[in-house]
Amino acid sequence: MIDLRHRSALATQFAGARANPGAAVVATVAGLINGSTMVAGASAIAWATDHLVVPALSGDRVPARAWWLSALFVLGVSATRWLTILIRGVATGRVQYRAQAETRRAVVHRYLDLHPDWHRERSPGRLLAHAGGDVDAIWSPMQFAYMAVGMVGMLLLALTELFHQALGLGLVGVALVGLVFALNVTYQRLLAPRARDAQAARGVVSGVAHESIAGGPVVRSLGLTEREDGRFAPGVEKLRVADLRMASISSVFDPLLELLPTAAVLVVLVIGAPRVQQGTLSVGALVGVVYLLITIAVPLNVISRFLSMLPMSSAGRERVYGVLGSAHRVREGDRTLSGPRAMRVELRGAGVSRQGRTLLADLDLVLEPGTVTVVVGAVGSGKTTLLDLAGGQIHADTGTVLLDGADVRELTGAAVPAHVATVPQSPFLFAESIRDNLVLDGSYRDDELWDALRRAAADEIVRGLPDGLDTVVGERGATLSGGQRQRICLARALLRRPRLLILDDFTSALDARVEQQVLAGLAAEPGPTVLISTNRPGPLALADQIVTLRDGRIEDEVPIVH
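End of the sequence shown = 562 in this note's numbering, gap-free, step of one.
Here it is, written out as structure tokens:
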């Protein structure tokens, strides 16, 4: 992992190079050779001018050797330049996109490690902006980094050549480079705060756009298009203003950077023309110097573009490190779980608070192995939070939660997913095949998949799909109803043969007949400890105990004798 802490944007680019040393060395060497070919090109033009162009214009006989050498010199330099551009581009891409991918993986991995409370405080659009645009911004200067390295080498060689021709010409070159870099320093200082504002505004727009797209059906069905447009407009306007503030800086500095090399050429002509007349400087040498100064505009432009991207990179780095540097992680221990088919769950004085509000308080509840506990209560009474707490998805702020006698705070991060399966209230399927959605990272035979689908009363659904288990679901595939999704999510949970099964209002989208089929599949054979939240009467028939929740507290606990 590339450490972004306490690094400037420039130092971050070096860190990315160190993380990919082979490609970085190739890109650097190719960049330096490419820069040297630009100086060699000036020498080739100077030689051809003195040995071919001037004699030909003077009417002198030009030997064939001069023609061949001029052609070979120019073509050889051009071919080398082309080849080094190709090699540098490929190697640069390897460094940039590997570093980009590594950073993006680190951001997503940290998302999975961070506490649910951290996620609740941030919109999905903002999280997408961090993993997408902000990561891209961090490494965007890398596309010009090795070209800039080569151009720095080219500048040094060009200045050496200018001083070799004449002290005055060398001083003109030094003045040109100094003025360009002074302009760039001023440019960066003015651009940096504007770049941070633009990146922040871009994140806000991404967040609102994500919400608008995700809630599109609701917006259209309720006729809220104009309202949503009004909510989106301020963010877009703020981004427009931020981008214009950046563009206003560029519109002043870019013309100055373009004009400086031209002005330097005029100065060189003023200095060099008399020396040509005096015979102390050849026409070819003067042409080569002019060509060098015109060519210097290319490296100066590249270096300027590289430096101009650093403020945006710095802004992206700050936002990404806000994720990578967050200490709001789910605490983990070093204990694992093992035991019989079903799990024992104990809540002892457990409570959960969020932002000064008590969601659950003083919960004392025992789920005996293999039993079914149904939690009922009004909307907002804390049923989902109770299920998350008992299933180890969140930790208690007060009291303890024990899974097979082990405090969930002492368990490793992999212990709970290995033994606990949850079917959430809002079923989620990836835009992949049914098979991939069921298997995920496991390995199961087809007969196991069909058995899980049968127990979830989803086997007939899948058989009716065009490609069965291989049918792709989602926007680019088959469309499933909410109830069908719930049953496939239940099958996914059952497939893993969990020791604790958490079902959060898992029949909310089913009609009574299908609900009975699903419940019959669950009751058909002994299995895990089951914890269900519901406000429907159907699941009560499976219950070994019914817990009534009111305002985050257990109001009643009734054992059922079958």
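The beta carbon of each residue, even a glycine, is placed where N, CA and C say it ideally should be.
Query raised in the report: Using the rule of at least 16 other Cβ atoms within 10 Å of the residue's Cβ for burial, across every protein chain shown, is residue 161 buried or exposed?
Result: Buried is the call here.
Requested in this report: Please determine, among 63, 117 and 538, the residue with the shortest C-alpha to C-alpha distance to residue 357.
Outcome: Checking every option, the nearest Cα to that of residue 357 belongs to 117.
Query raised in the report: Out of 135, 127, 427 and 119, which has the shortest C-alpha to C-alpha gap to residue 208?
Result: Closest by alpha carbon: 127.
Report task. Note the first and the last residue of the continuous alpha helix (DSSP H) segment covering residue 435. Result -> Where residue 435 is concerned, the enclosing alpha helix (DSSP H) stretches over 434–439.
Report task. Can you give me the start and stop residues for the beta strand (DSSP E) that residue 556 sits inside? Result -> Annotation: the continuous beta strand (DSSP E) that includes residue 556 extends over 553–559.
Query raised in the report: Can you find at least 3 beta carbon pairs, one from the region 375–383 and one from the region 525–542, that sit closer than 8 Å?
Result: Contact between the region 375–383 and the region 525–542 is present: 3 or more CB-CB pairs across the two stretches fall below 8 Å.
Query raised in the report: For residue 105, which option in 84, 114, 407 and 131 has the closest C-alpha, if you only look at C-alpha atoms?
Result: Answer by Cα proximity: 131.
Report task. Give me the Cα-Cα distance between residue 238 and residue 268, rounded to the nearest whole angstrom. Result -> If I take the Cα positions, the gap works out to 46 Å.
Query raised in the report: Just reading off the beta strand (DSSP E) that residue 346 is part of, what are its end residues?
Result: Residues 345–354.
Query raised in the report: Can the beta-carbon of residue 49 be found less than 8 Å from the beta-carbon of residue 77?
Result: Residue 77 sits away from residue 49, with the two beta carbons spaced by 8 Å or more.
Query raised in the report: Under the rule that 16 or more other beta-carbon atoms within 10 Å means buried, what is residue 199, buried or exposed?
Result: Its Cβ being crowded by 16 or more others within 10 Å, residue 199 is buried.
**Report entry** Three-state secondary structure (DSSP) of residue 138
**Finding:** Reduced to three states, the DSSP call for residue 138 is helix.
Report task. Excluding the 5 residues preceding and the 5 following residue 81 in the sequence, name in chain order all residues of the same chain whose CB lies nearer than 8 Å to its CB. Result -> For residue 81, same chain residues with a beta-carbon under 8 Å away, outside a window of 5 residues either side, are 34, 37, 38 and 41 in chain order.
Requested in this report: Please list, in chain order, all residues of the same chain as residue 432 whose beta carbon is under 7 Å from its beta carbon, the five residues on each side excluded.
Outcome: For residue 432, where only same-chain residues beyond five positions count, the Cβ hits under 7 Å are 472.
Query raised in the report: If you draw a straight line from the alpha carbon of residue 260 to that of residue 251, how long is it in whole angstroms?
Result: About 15 Å.
Query - Runs of beta strand (DSSP E) wholly within the region 303–384 (minimum 3 residues, chain order) - result: Fully enclosed beta strand (DSSP E) runs of no fewer than 3 residues occupy 345–354, 357–367 and 372–377 of the region 303–384, in order along the chain.
Query raised in the report: Helix, strand or coil: how does DSSP classify residue 393 here?
Result: It is coil, neither helix nor strand.
Query raised in the report: Apart from the five residues on each side of it in sequence, which residues of its chain come closer than 7 Å, Cβ to Cβ, to residue 619?
Result: Because the chain is modelled from 1 through 562, residue 619 falls outside the range shown and cannot be assessed.
Query - Best match in 159, 503, 331 and 552 for proximity to residue 408 [C-alpha to C-alpha] - result: Taking only the C-alpha atoms, the option nearest residue 408 is 331.
Report task. Compute the Euclidean distance between the alpha carbons of residue 326 and residue 319, then round it to the nearest angstrom. Result -> If you take the alpha carbons of residue 326 and residue 319, they lie about 11 Å apart.
Report task. Please specify which runs of the alpha helix (DSSP H), each continuous and at least 4 residues long, are wholly inside the region 20–106, giving them in chain order. Result -> Considered as a whole, the region 20–106 harbours 21–48 and 54–58 as its complete alpha helix (DSSP H) runs of no fewer than 4 residues, in chain order.
**Report entry** Backbone secondary structure at residue 504 - three-state DSSP
**Finding:** DSSP places residue 504 in strand when its eight states are reduced to three.
Query raised in the report: Since residue 138 and residue 92 are thought to touch, with beta carbons under 8 Å apart, how far apart are those beta carbons, to the nearest angstrom?
Result: The C-beta distance from residue 138 to residue 92 rounds to 15 Å, too long to meet the 8 Å contact threshold.
Query raised in the report: Which of the three DSSP states, helix, strand or coil, is assigned to residue 206?
Result: If DSSP states are grouped into helix, strand and coil, residue 206 belongs with the helices.
Query raised in the report: What's the C-alpha gap between residue 147 and residue 185?
Result: Residue 147 and residue 185 have their alpha carbons spaced roughly 19 Å apart.
Requested in this report: Verify whether the separation of the beta carbon atoms of residue 452 and residue 510 is less than 8 Å.
Outcome: Their beta carbons are not under 8 Å apart, which means residue 452 does not touch residue 510 by this criterion.
**Report entry** Rounded C-alpha distance that separates residue 70 from residue 47
**Finding:** Residue 70 and residue 47: Cα-Cα distance of roughly 7 Å.
Query - Segments assigned beta strand (DSSP E), at least 3 residues, entirely inside the region 125–177 - result: Those beta strand (DSSP E) runs which fall completely within the region 125–177 and span 3+ residues do not exist here.
**Report entry** Test: residue 551 CB closer than 8 Å to a CB of chain D
**Finding:** The structure shown contains no chain D; it is built from a single protein chain.
Query raised in the report: Under a Cβ-count criterion, where at least 16 other Cβ atoms within 10 Å of its own Cβ denotes burial, should residue 388 be classed as buried or exposed?
Result: Residue 388 should be labelled buried.
Query raised in the report: Given 8 Å as the limit, is there contact between the region 416–423 and the region 496–509, that is, 3 or more CB pairs closer than that?
Result: Cβ pair count under 8 Å is three or more, so yes.
Query - Span of the beta strand (DSSP E), counted from its first residue to its last, around residue 413 - result: That residue, residue 413, is in no beta strand (DSSP E); it is neither H nor E in DSSP.
Report task. Indicate the three-state DSSP secondary structure (helix, strand or coil) for residue 402 in the structure shown. Result -> If DSSP states are grouped into helix, strand and coil, residue 402 belongs with the strands.
Query - residue 398 versus residue 367 - alpha carbon distance - result: Rounded to the nearest angstrom, the two C-alpha atoms are 19 Å apart.
Report task. Determine the burial state of residue 550: buried for a count of at least 16 other Cβ atoms within 10 Å of its Cβ, exposed for fewer. Result -> Per the 10 Å Cβ criterion, exposed.
**Report entry** Cβ-based neighbour list, residue 328, same chain, cut-off 8 Å, excluding 5 preceding and 5 following
**Finding:** Scanning its chain for C-beta atoms nearer than 8 Å, with the 5 sequence neighbours on each side dropped, one finds around residue 328 the residues 114, 115, 117 and 118, in chain order.
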